[in-house]
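Below is one structure, written out as structure tokens, with a few remarks after it.
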Amino acid sequence: MLDIAIVGGGTAGLTAAIYALRAGKKAVIFEALAVGGQIVNTPDIENYPGIAHVSGYEFAMGLSEQAKALGAEIRFENVTAVEPDGSAFLVTTGSDAYDAKAVILATGAKNRPLGIAREEEMIGKGVSYCATCDGMFFRRKDVAVNGGGNTALEDAAFLANYCSKVYVIHRRDEFRGDEKSVELLKSKENVEFVLNSTVTAILGDQKVEGVEVTDKNTGEKRVLPVSGLFVAIGQMPANDAFTDVVSLDPKGYISAGETCLTGTPGVFAAGDCRTKEVRQLTTAAADGAVAALAACRYIDAQG
Ligand code: NAP
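For the sequence shown, the working numbering gives the first residue as 2, with consecutive numbering after it.
Listed below in structure tokens is the structure:
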């Protein structure tokens, strides 16, 4: 019997493990892919209190090492269901099942796809959702980044360092991301903004050879001759496996407030996977602490 099953090994899940272990509880993190979560893909973090600059990868690895040094066990198993089981919960993974006194859902969010034809089949052939992972394959080539948030702006700045040309395609003429990042891009000679536009087709047979963009105001179509398309249009939750045990809001995030309490006693939600206003590294870490301490209190109260 585990004390706390933590579903997800991103910032929220790893922080929850640190707090749970320091409170003397047996906590196991279940992670389907790799520890670290979304922040691994961020080249530069400059807004985490107390750390002026760190890469997302370094941050995630540091957090993971910190949790492991305290005794965190990480199981690389995909959790497919969480069900009430008497006074505990049955956590089912692709390969096993575990009993836990409490569960913290810290499933984060996954990249939102554009949802256009051939997007999926061209992943790895020019379509990417991670500039820091795949950018090096496009050295001295022309690429496009789609999106207007901080991720798209940072990806574009990163790619502009070694791609010949970077088009930034955004559906509006104002950016959601920081003004500072927009100004930085404007100062780069190899960056071109393609505004009020959406990507309407991916061109090329075996690999991306261009993208068609359509101007939302005029309907005019234009082909950008790029060999890479970096999609950075935000995230969406991945909570479908948990609808039997928690309720989701209309956008699919777990209904839980700042206390991280879901409607189900013993099940907590932390980080980007829950309903919240601000999805940042700081708030994910904060949620991990709040959820873990609430789970500890819940277990202690059960006796
Ligand atoms: P985001 O802030 O939600 O931005 C998504 C962007 O994609 C928006 O500009 C949105 O356009 C556009 N978009 C959404 N759906 C679209 C569609 N179907 N077609 C075309 N465009 C679409 O997502 P994000 O940039 O991934 O950032 C997520 C969170 O992480 C944010 O809070 C962000 O500030 C934070 N973040 C912080 C840092 C940092 O501080 N270093 C780095 C990266 C991310 P509209 O603007 O028109 O809605």
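A virtual CB, placed ideally from N, CA and C, is assigned to each residue, including glycine.
Next item on the list: Return yes when the C-beta of LEU115 is under 7 Å from any heavy atom of the ligand NAP, and no when it is not.
Entry: Short note on LEU115: C-beta closer than 7 Å to some heavy atom of the ligand NAP.
Next item on the list: To the nearest angstrom, report how far apart GLY10 and GLY205 are at their CA atoms.
Entry: 37 Å
Note to self: Quick check on the burial criterion: 16 or more other C-beta atoms within 10 angstroms. Buried or exposed for PHE139?
What the structure shows: buried
Notebook entry, point to check: Residues in its own chain within less than 7 Å of ALA17 by CB, not counting five upstream and five downstream?
Noted result: ILE7, ILE105, ALA107, ALA271, GLY289, ALA292, ALA293
Item checked: Simplified DSSP assignment, three categories, for GLN303 -> DSSP, read as helix, strand or coil, puts GLN303 in helix.
Notebook entry, point to check: Is the CB-CB distance between GLU74 and GLY95 below 8 Å?
Noted result: no
Item checked: Same chain only: Cβ atoms within 7 Å of LYS142, ignoring 5 sequence neighbours per side -> CYS164, SER165, SER228, GLY229
Margin query: What does DSSP give as the partner residue(s) for PHE159 in the beta ladder?
Written below: According to DSSP, PHE159 bridges with nothing at all.
Check: Do three or more CB pairs link the stretch 169-180 to the stretch 265-279 at distances below 8 Å?
Finding: no
Next item on the list: Could you tell me how far apart the beta carbons of LEU115 and VAL232 are, in whole angstroms, since I believe they sit closer than 8 Å?
Entry: The beta carbons of LEU115 and VAL232 sit about 6 Å from each other, so the pair counts as a contact at 8 Å.
Item checked: According to DSSP, residues forming a beta bridge with LEU91 -> Beta-bridge pairing links LEU91 to GLU84, ASP100.
Notebook entry, point to check: In the DSSP assignment, what residue or residues form a beta bridge with GLN236?
Noted result: ASN112
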